[in-house]
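Heads up, the thing below is written out as structure tokens.
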Amino acid sequence: MWYKMTKQELISRGIDMLTESKREQQRLTGWFVYQEIKMQVRQELSASGKDPDVPDNQAEILCECVSRMPLSIPSGSVFAGTQDDAFSPSYALINPAFKVETFAGYCDPLAVYDDIAPDAEFPAERIEKVRVYYAETNYVKELYSAYRQTGGATREVVYFVEPVTGHIIPDLRPVLRDGIAALSAGDGYRGVIRGSMQAAVILAGRYYDLAKKMITCCEDPAEVSRLNMIARACKQVPEFRVRNLHEAMQSFVLLWQVMCLEQAPNPYAFSVGNLDRILAPYLFDTPHDEAVALVRHLLAFFMVGDRGWAISQNLMVGGMDQAGNDLTNPMSYIILDAFFESNQPQPALSVKLHSGTPQELYDALGKFFFTPGKLTPSLFNDEAMFAMLKDKGVAENDLPDYSIAGCQEPLIMGRENGNTTNSWLNLGKVLELTLNDGCSLLSGEKLGLSWQELGYNGISDVLENLETAFFKQLDMVCLDMREAANACTETLGKVAAPFTSSLMGGLESGRDCRNPEQPGTRYGGSGCLIHGLSVLADSLTAVKALLKHEIASPEQLIEALRDNFQGHEQLKTFLSSQDKYGNNFTEVDNLTAVLADRVCERISALTNSAGKPFCPDFSTPSTHLLYGYWVGATPDGRGSREMLGYGIDPRPGVAVKGLQERMLSNQKLPFGKMTGGYASHLGLSPNDFSKYHTMKDKIVLMAENVIKPLFGFCEGKTGKISPFYVYFNVDQAGHLRKVLADPEKYAPNGIYILRIHGTFVNFLDLSPAIQEDIIARLDPESTILV
0 MWYKMTKQEL
10 ISRGIDMLTE
20 SKREQQRLTG
30 WFVYQEIKMQ
40 VRQELSASGK
50 DPDVPDNQAE
60 ILCECVSRMP
70 LSIPSGSVFA
80 GTQDDAFSPS
90 YALINPAFKV
100 ETFAGYCDPL
110 AVYDDIAPDA
120 EFPAERIEKV
130 RVYYAETNYV
140 KELYSAYRQT
150 GGATREVVYF
160 VEPVTGHIIP
170 DLRPVLRDGI
180 AALSAGDGYR
190 GVIRGSMQAA
200 VILAGRYYDL
210 AKKMITCCED
220 PAEVSRLNMI
230 ARACKQVPEF
240 RVRNLHEAMQ
250 SFVLLWQVMC
260 LEQAPNPYAF
270 SVGNLDRILA
280 PYLFDTPHDE
290 AVALVRHLLA
300 FFMVGDRGWA
310 ISQNLMVGGM
320 DQAGNDLTNP
330 MSYIILDAFF
340 ESNQPQPALS
350 VKLHSGTPQE
360 LYDALGKFFF
370 TPGKLTPSLF
380 NDEAMFAMLK
390 DKGVAENDLP
400 DYSIAGCQEP
410 LIMGRENGNT
420 TNSWLNLGKV
430 LELTLNDGCS
440 LLSGEKLGLS
450 WQELGYNGIS
460 DVLENLETAF
470 FKQLDMVCLD
480 MREAANACTE
490 TLGKVAAPFT
500 SSLMGGLESG
510 RDCRNPEQPG
520 TRYGGSGCLI
530 HGLSVLADSL
540 TAVKALLKHE
550 IASPEQLIEA
560 LRDNFQGHEQ
570 LKTFLSSQDK
580 YGNNFTEVDN
590 LTAVLADRVC
600 ERISALTNSA
610 GKPFCPDFST
620 PSTHLLYGYW
630 VGATPDGRGS
640 REMLGYGIDP
650 RPGVAVKGLQ
660 ERMLSNQKLP
670 FGKMTGGYAS
680 HLGLSPNDFS
690 KYHTMKDKIV
700 LMAENVIKPL
710 FGFCEGKTGK
720 ISPFYVYFNV
730 DQAGHLRKVL
740 ADPEKYAPNG
750 IYILRIHGTF
760 VNFLDLSPAI
770 QEDIIARLDP
780 ESTILV
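Set out below in structure tokens:
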């Protein structure tokens with residue numbers, strides 16, 4: 000009988016119900032209701048003579064919205080709280096209707112209102128009323144103005160810019176440890192920040208009242224126990240200190256919910272940091288299985304809707320302190336077990352490794368890598384990351400608190416607003432403009448400097464000096480990109496976020512974390528995601544060979560590019576056959592490293608409105624497809640509109656000498672200058688591990704032959720910073736096509752998890768374009784263990 004359930008049984012009972020209900024939620028409307036309430040609160044504030052855009056009024060607006068919004072307690076959950084009211088089904092890459100050729104980025108803050116289909120409850124007039132209100136806000140008007148100034152440069156993604164709403168890692172530990180009531184008040188904006196925290200107290204009180212009300216009309220003893228468990232926790236946290244593991248997670252959920260609401264709709268990529276270290280102080284004597292079940296409830300909280308629309312929420316385990324001591328703890332393994340059992344598209348899991356990582360942690364990873372359709376964590380190299388961050392200026396004591404925001408961007412938890420996706424740079428398009436007299440090969444529009452403006456007499460002169468000409472073009476693009484990116488940051492900075500600031504050092508600094516000129520965080524900067532490194536290097540290498548062997552004239556090369564090689568097949572064959580990055584060919588690999596270094600220097604020299612540097616980030620979260628679509632044919636033999644290389648990886652099909660040679664190419668890059676991070680994917684074939692029969696034997700092979708050599712754990716210290724990030728998919732193209740053809744056989748529960756970049760996805764949920772991209776990037780010839 001239910002009333003005889005143990006606490007563990009009670010917690011475990013609801014998890015399947017909870018996750019199933021999440022997967023069945025195909026309509027998200029809570030975000031709209033919340034925006035409608037916020038509109039009404041802002042209008043009332045205006046009527047009272049107050050400016051709803053002034054930073055000092057944001058705490059009042061937030062608390063009033065939280066007081067009015069409709070609440071419910073998710074069925075089966077042992078926590079009160081939801082992210083659902085902050086997100087719409089907007090994220091294109093997990094939308095089956097997504098098409099590369101029509102994607103326009105996330106630059107229109109009003110596009111979200113197209114995500115809600117009108118019906119009797121939400122008629123078109125109701126939706127349009129809210130849209131029109133926000134269209135007249137200063138934020139939307141100024142953002143539109145910033146984009147209009149970029150012209151065709153962003154339309155054909157020479158570069159792209161965006162206002163960054165998420166991509167930070169709050170530090171919830173002080174609130175969990177002491178409670179909101181114990182935090183000092185202060186005056187000025189520090190008082191506004193402190194006042195905004197009352198929104199979490201208000202929310203907890205409302206959930207307490209709701210749970211108690213639900214108990215009065217409940218006859219199921221187990222359900223009464225569940226609701227009492229929630230009520231007790233909400234009575235205590237987050238206002239007061241946490242006393243046990245359940246309360247720690249309940250406090251976490253409430254704080255997270257308010258943070259998301261403050262920046263709704265769609266505050267993409269808030270990340271958690273080292274969850275094992277956050278929760279470990281509250282584990283006490285909680286049994287392992289009970290703790291796993293609790294974490295599974297917490298993981299379900301991060302799921303929004305049937306596809307997991309709140310993407311790139313990164314949780315980490317493992318790692319070391321600044322003295323090199325391993326920080327893996329019992330909570331690390333509890334979290335890993337919870338992830339493996341749940342196996343949902345969100346949140347993302349990352350693991351920190353170092354030379355002293357215990358074998359037990361590697362053993363725990365085996366089941367992820369070698370179970371088809373299971374999530375596979377991203378891996379980070381603490382030793383290289385610490386070295387890079389120290390060079391960047393991070394204090395020694397802050398190094399263990401580096402965490403991953405979004406996909407792979409390293410930030411200091413609670414102390415850094417990196418504006419990580421503020422700008423995006425397309426090296427392939429810059430090369431195209433350099434080769435084509437400043438004009439687009441696709442539209443003919445002049446988007447860059449002409450040959451004459453670059454100081455050259457014609458295409459022959461340009462090709463003889465192509466690397467120099469390219470960087471002259473890039474310098475101009477970078478200046479325009481900086482101005483546009485800073486305009487976005489300054490516009491967003493006028494929309495204060497005091498509650499988020501309370502978790503980002505704002506109570507100490509007395510400033511908002513979004514303040515563009517004086518951010519309230521200890522560290523700051525702006526991100527620049529750089530695309531097309533391998534295409535650039537391979538193209539310069541091919542042009543050099545063309546000039547040396549005189550296979551075609553400079554004019555014939557440009558004609559071939561304009562014709563997308565149609566009628567120039569022999570020339571394309573020659574260009575495609577030249578040495579390519581990723582095969583351990585000295586000349587092209589060294590050139591790739593030099594180009595990466597020079598690009599990093601230029602990006603790092605750019606500064607934002609606070610005088611902080613832009614951080615080079617060679618990361619392309621499926622944008623290697625999107626940005627490649629806007630690049631014409633290139634001299635490496637790549638066809639018009641074909642994908643660029645993913646992150647720092649070679650393009651699929653051009654690295655053909657196996658994993659060892661590819662890793663040797665990879666290790667020549669200047670990782671210490673990639674302060675914003677980078678992306679790299681290795682698709683491994685299960686066949687390479689087939690002679691090993693146990694998980695333990697397979698992970699030993701992977702650790703000793705792949706992970707440790709890649710991260711430099713097997714080598715002496717050279718002074719050069721090693722690679723610090725990688726993710727794997729262990730699968731085969733033929734098998735994935737079988738999964739697509741017969742999902743009932745190969746994924747009977749409707750879920751087959753793969754990595755797409757820094758996040759998990761259900762392979763079955765993706766658009767065909769993204770499915771094909773994942774299959775192509777398995778690229779077995781580049782990763783075979785020879």
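Just so we're aligned, residue 0 is where the sequence shown starts under numbering that gives the first Met the number 0, counting upward by one.
For glycine and all other residues, C-beta sits at the position ideal for the given N, C-alpha and C.
Quick caveat: nothing in here was measured; it's all calculated off a predicted structure.
Looking at the structure shown, is residue i part of a helix, part of a strand, or coil, going by DSSP?
| i | result |
| --- | --- |
| W30 | helix |
| R754 | strand |
| Y133 | helix |
| W255 | helix |
| K704 | Position check: residue 704 holds Asn in this sequence, whereas Lys was assumed. The answer is helix: DSSP assigns N704 an H, G or I state. |
| L374 | coil |
| Y2 | A caution first: Y2 carries a pLDDT of 45, below 50, which makes its placement in the model unreliable, though a value can still be read off. It is helical. |
| P108 | coil |
| S790 | Nothing in the structure corresponds to residue 790, since the chain is present only between 0 and 785. |
| Y580 | coil |
| L681 | strand |
| G644 | coil |
| F121 | coil |
| G504 | coil |
| N396 | helix |
| E415 | strand |
| F367 | helix |
| F712 | coil |
Name the two residues that bound the continuous alpha helix (DSSP H) containing residue i.
| i | result |
| --- | --- |
| I277 | L274 to L278 |
| F498 | P497 to S501 |
| E600 | T585 to A604 |
| V738 | A732 to A740 |
| P615 | Element bounds for P615: not the alpha helix (DSSP H) but the beta strand (DSSP E), F613 to F617. |
| N665 | L658 to N665 |
| F688 | Note, F688: premise wrong, no alpha helix (DSSP H); not H, not E. |
| S575 | E568 to S575 |
So, is residue i buried or exposed, given that buried needs 16 or more other C-beta atoms within 10 angstroms?
| i | result |
| --- | --- |
| H567 | buried |
| A604 | exposed |
| T585 | exposed |
| V53 | exposed |
| Y2 | Confidence at Y2 is low in this model, with a pLDDT of 45, below 50, so the placement of that residue should be treated as unreliable; the coordinate-derived value is given next. Burial call: exposed. |
| F283 | exposed |
| T693 | exposed |
| V131 | exposed |
| S781 | buried |
| A363 | buried |
| D696 | exposed |
| Q148 | exposed |
| M0 | Any reading at M0 must be qualified, since the residue scores a pLDDT of 36, below 50, and its modelled position is unreliable; no value is offered. |
Rounded C-beta distance between residue i and residue j? I'm assuming under 8 Å.
| i | j | result |
| --- | --- | --- |
| V291 | I333 | 5 Å |
| P169 | A203 | About 17 Å separates the two Cβ atoms, so there is no contact after all. |
| S331 | D275 | 4 Å |
| S74 | L175 | In fact, because the Cβ distance is near 26 Å, the residues do not count as touching under 8 Å. |
| D730 | P371 | 7 Å |
Terminal residues of the continuous beta strand (DSSP E) containing residue i?
| i | result |
| --- | --- |
| Y724 | Y724 to V729 |
| Y401 | Y401 to A404 |
| E340 | Counting along the chain, E340 falls outside any beta strand (DSSP E), though it belongs to the alpha helix (DSSP H) covering P329 to S341. |
| H530 | S525 to H530 |
| S422 | S422 to N425 |
| I773 | Run containing I773: none in the beta strand (DSSP E); it sits in the alpha helix (DSSP H), P767 to A775. |
| P409 | E408 to I411 |
| N563 | Run containing N563: none; DSSP gives neither H nor E here. |
| L314 | N313 to G317 |
| V760 | F759 to N761 |
Got a sec: is the Cβ-Cβ distance from residue i to anything in chain C below 9 Å?
| i | result |
| --- | --- |
| E23 | Considering every chain present, this structure includes no chain C. It has just one protein chain. |
Length at least 3, wholly inside the region 155-238: the beta strand (DSSP E) runs in chain order: 158-160
Contained alpha helix (DSSP H) runs [length at least 4] in the region 444-495, N- to C-terminal order: Secondary structure within the region 444-495: the alpha helix (DSSP H) runs of 4 or more consecutive residues, fully enclosed, are 450-453, 458-463 and 465-492 (chain order).
Every unbroken alpha helix (DSSP H) inside the region 56-114 [4 residues or more]: 57-67
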